[in-house]
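J.:
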Amino acid sequence: MKRTVSILAGGLLCGVLSTAALADDGRELVIDGETIATTAVAADDHPLDEIISGWRFRSAETQALQMDDFENPAFVAIEYAEEIWETPAGTSNKSCADCHGDADSFAGLRTKLPRWNDEMGKPATMEMLINASIETHQGAEPWKWESAEMLAMTAMIGLESRGMPVALETDGPMADWIKKGEELYYTRVGLLNMACANCHEDNYGNMIRADHLSQGQINGFPVYRLKWGGLGSIHRRFKGCMDQVRAEPYKRGSDEFIALEAYVASRGMGLSVETPSVRN
Ligand code: HEC
Ligand code: HEC
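Mapping of the sequence shown onto mature numbering (1 follows the signal peptide of the UniProt record, and there is no 0): residues -23 to -1, 1 to 257, in sequence order.
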């Protein structure tokens, strides 16, 4: 039975996959006069020959939206985050700004996440760090993973690392989580019986229906997706990809998605943070 499904899935995929030129059109990501590298050199033992940002696989129109902060629709949310940043809340009656000063105190943070956290006993994502601070320091109600507040704030803090290379810690207690994420990445799931790697490693550069397949990197998150009409988290994208292969997706914030995030981040080490990126 499993075999049949697998052949069927292979057939389905053959029907929708077609080759296209890899995104080597020579366009460069330049924002505010600064060039942001969209490729990185892969170490010898890296599963990919070259590490390439998702930006390179998008159409010229979508790329252009990300190149201009006035055109980039994610900046509406970032303005919202700037308001939240200054607004006192919770039992402390303090704002983020009262304790953290300027948001640029978080420069570099995005590059290191997920990062091992002793108190949580697991790697912490940006969402988890923000909520831990809201609960323990500000004394307010934590935000939902995919709430407007959380998406805006993760975009605003991530922006402070734009242009810096992804450089998370992969040793120590992170190693087990990255290993677990790697297993998930290569495990075929769902009715189409496909793993992340079947699309984002074996077929990047090819067309799947009308979409140009990328390496599925996460250096631009949260992303503004034109299809969503708003920002979305890394875990929302993972869930969407699992839905596509008709698998039962894990929950946002689950250990599975944290492990997968850690592993996918480790595959993109050296790529520049592009938060907030724009996708179709
Ligand atoms: C009452 C003071 C206080 C308030 C209010 C507060 N924080 Fe914090 N926050 C801290 C302290 C203390 C830490 C732990 C030390 C550190 O990493 O800066 C922290 C840690 C963090 C971290 C993790 C930083 C890191 O490098 O690990 C983030 C992200 C964060 N806060 C975001 C926020 C946001 C966003 C708000 C507003 C919604 C906020 N905090 C409100 C005191 C506060
Ligand atoms: C059937 C093929 C397929 C599978 C399997 C798949 N994806 Fe995707 N994924 C896509 C398509 C299509 C897109 C949108 C175009 C692109 O960026 O590749 C996408 C986009 C993404 C993106 C956004 C990249 C960016 O630059 O914005 C991430 C991250 C991602 N996928 C991760 C995953 C992970 C993790 C898995 C495994 C749980 C997975 N995908 C499984 C097809 C797939």
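Backbone N, C-alpha and C fix where the C-beta goes; we use that ideal spot for every residue, glycine too.
In the DSSP assignment, the beta strand (DSSP E) including W93 goes from what residue to what residue?
T.: In the sequence shown, the residue the question calls residue 93 occupies position 116. From DSSP, the beta strand (DSSP E) with W93 extends over R92 to N94.
J.: Would you kindly check if the distance between the Cβ of A17 and the Cβ of L248 is under 8 angstroms?
T.: For the purposes of this step, residue 248 is taken as the residue at position 271 of the sequence shown. For the purposes of this step, residue 17 is taken as the residue at position 40 of the sequence shown. Contact flag set, yes.
J.: Which of helix, strand or coil does DSSP assign to M(-23)?
T.: Against the sequence shown, residue -23 aligns to sequence position 1. With a pLDDT of only 32 at M(-23), under 50, the local geometry of the prediction cannot be trusted, and the value read off the model is given with reservation. Of the three classes helix, strand and coil, the one that applies to M(-23) here is coil, per DSSP.
J.: Per DSSP, what kind of secondary structure is E11 in: helix, strand or coil?
T.: As a working note, residue 11 is residue 34 in the sequence shown. Looking at E11 - three-state DSSP - the assignment turns out to be strand.
J.: Measuring straight from C-alpha to C-alpha, what distance separates D26 and Y181?
T.: In the sequence shown, the residue the question calls residue 26 occupies position 49. In the sequence shown, the residue the question calls residue 181 occupies position 204. Approximately 12 angstroms between the Cα atoms of the pair.
J.: Alpha carbon to alpha carbon, how far is I(-17) from W93?
T.: As a first step, residue -17 must be located in the sequence shown, where it is residue number 7. As a first step, residue 93 must be located in the sequence shown, where it is residue number 116. Confidence at I(-17) is low in this model, with a pLDDT of 42, below 50, so the placement of that residue is unreliable and no value is reported for it.
J.: Quick one: what's got a C-beta closer than 8 angstroms to E146's C-beta in the same chain, skipping five residues either side?
T.: If you number the sequence shown from 1, residue 146 lands on position 169. K89, R92 and W93.
J.: So, using beta-carbon positions, are I61 and M171 closer together than 8 angstroms?
T.: Here residue 61 refers to the residue found at position 84 of the sequence shown. Here residue 171 refers to the residue found at position 194 of the sequence shown. Not a contact, by the Cβ cut-off of 8 angstroms.
J.: Following the continuous alpha helix (DSSP H) through T39, name the residue where it begins and the one where it ends.
T.: The count along the sequence shown starts at 1 and reaches residue 39 at position 62. Segment A37 to M44, the alpha helix (DSSP H) holding T39.
J.: For T102, I'd like the list of residues in its chain whose CB is within less than 7 angstroms of its CB, leaving aside the five on either flank, ordered along the chain.
T.: For the purposes of this step, residue 102 is identified with residue 125 of the sequence shown, where counting begins at 1. Counting only Cβ-Cβ distances below 7 angstroms, and skipping sequence neighbours, we find L90, P91, I235 and E238.
J.: Between V241 and ligand 2, is the CB less than 7 angstroms from at least one heavy atom?
T.: Your numbering for residue 241 matches position 264 in the sequence shown. Checking the Cβ of V241 against ligand 2 gives yes.
J.: Give the secondary structure of T131 by DSSP, where H, G and I count as helix, E and B as strand, and everything else as coil.
T.: In the sequence shown, the residue the question calls residue 131 occupies position 154. Helix, per DSSP.
J.: Using DSSP's beta-bridge definition, name the partner residues of G209.
T.: As a position in the sequence shown, residue 209 is number 232, starting the count at 1. G209 pairs with V200.
J.: Taking the alpha-carbon positions, what's the E48 to P199 distance?
T.: Taking the first residue of the sequence shown as position 1, residue 48 is located at position 71. Taking the first residue of the sequence shown as position 1, residue 199 is located at position 222. In a straight line, the C-alpha of E48 is about 17 angstroms away from that of P199.
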